[in-house]
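In full-length UniProt numbering, the protein residues as written are 1 to 329.
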């Protein structure tokens with residue numbers, strides 16, 4: 001419960017106080033650390049588990065492999081994956097193969113991803129192909145594999161807007177704007193639904209929700225003023241807008257402006273209009289972009305505040321100019 005709420009420190013404390021631990025408590029602690037990007041701590045708990053009388057199960061290895069993925073431990077990840085069958089007599093399931101594809105994709109090993117998928121004993125599912133497509137978009141490598149993933153996704157789930165967004169983002173990362181336009185046209189033709197990106201914060205007076213470029217909030221003037229102040233300060237500290245994450249064919253100045261008003265930036269600016277020293281907790285329904293991630297590093301430093309951002313993939317803890325993920329996510 002605590003780790004899912006962003007308080008993995010509390011989860012660790014209560015885990016340490018437990019007189020007895022069962023498979024559920026071990027798995028919860030491993031998965032909790034993995035979810036927060038604390039892969040090394042997750043693996044430490046796994047080592048403790050192996051020294052106890054408790055044998056790992058399939059759920060354990062989802063947490064272990066996710067931990068390796070989030071911190072870039074490719075070799076260790078394969079060692080744990082192979083130990084499932086060789087040591088613990090557990091047959092890997094589709095979710096374990098998905099973790100391995102994610103591990104290789106985050107490491108930019110897209111040629112190995114293709115080989116790994118070809119040697120899988122079962123057909124790749126939607127999650128695996130989305131993982132592949134996301135990796136191709138982030139790294140701008142192996143476009144042939146990206147096209148293969150796109151074709152598979154559109155065959156398996158042609159009316160899901162997530163697939164078209166991933167395809168569009170992959171083309172945008174390579175500057176292929178005509179292909180971006182084609183992907184968006186195809187999404188409209190298929191009547192596919194796209195989930196709107198939003199971020200939200202919970203305050204004493206309720207939940208405040210923001211979308212990119214949002215001007216509907218009653219305190220919008222104060223929020224945008226604070227956002228301009230933050231932007232000026234972080235630029236002075238060395239921040240440079242990462243315009244490659246503005247996935248539209250625009251002039252540089254317009255790209256920078258577009259990035260400035262992402263929903264998570266509006267959310268953090270709103271919270272910083274209030275006087276407090278408490279950690280800032282933001283939820284986001286999509287993956288945080290690289291520019292916002294970089295900006296939050298700087299904002300945590302100049303504001304002297306801990307910022308905990310939960311996006312669709314994991315928790316990010318920004319403190320003193322650094323993120324718990326080590327900028328690897």
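Glycine is no exception: its CB is placed at the ideal position from the N, C-alpha and C atoms.
For clarity, every value in this text was computed on a predicted model and none was experimentally measured.
When the beta-carbon positions are compared, residue 114 and residue 153 stay at least 8 Å from each other. DSSP lists 207 as the bridge partner or partners of residue 202. In this model, residue 206 and residue 200 are separated by some 10 Å (Cα to Cα). Nearest to residue 22 by C-alpha distance, out of 11, 56 and 47, is 56. For residue 284, the enclosing beta strand (DSSP E) starts and ends at 280-284. Classified as buried, residue 187 has 16 or more neighbouring CB atoms from the shown chains inside 10 Å of its CB. Pairing residue 213 with residue 24, the inter-Cα distance amounts to about 42 Å. Counting C-beta atoms within 10 angstroms of its own C-beta, residue 26 has 16 or more neighbours from the protein chains shown and is therefore classed as buried. Between residue 223 and residue 295, the CB-CB gap reaches or exceeds 8 Å.
Note that the stretch 284-300 does not touch the stretch 8-22; fewer than 3 beta-carbon pairs, one per stretch, sit closer than 8 Å. By the beta-carbon neighbour count (other beta carbons within 10 angstroms, threshold 16), residue 278 is exposed. Rounded to whole angstroms, residue 227 and residue 175 show a C-alpha spacing of 29 Å. Residue 197 and residue 16 have their C-alpha atoms roughly 38 Å apart. Within 10 angstroms of the beta-carbon of residue 267 lie 16 or more other beta-carbons, which makes it buried. Contact check for residue 316 against residue 303 fails: the beta carbons are separated by 8 Å or more. In this structure, the straight-line span from the alpha carbon of residue 241 to that of residue 159 is close to 34 Å. Annotation for residue 309: the continuous beta strand (DSSP E) segment containing it runs 307-310. Membership of residue 95 in the alpha helix (DSSP H) is indicated by the continuous run 94-106. For residue 144, there is no enclosing beta strand (DSSP E); the enclosing alpha helix (DSSP H) covers residues 143-156.
Residue 102 is positioned such that its CB atom lies no closer than 8 Å to that of residue 123. If you keep only unbroken alpha helix (DSSP H) runs of at least 4 residues inside the stretch 17-62, you get 23-35 and 39-51.
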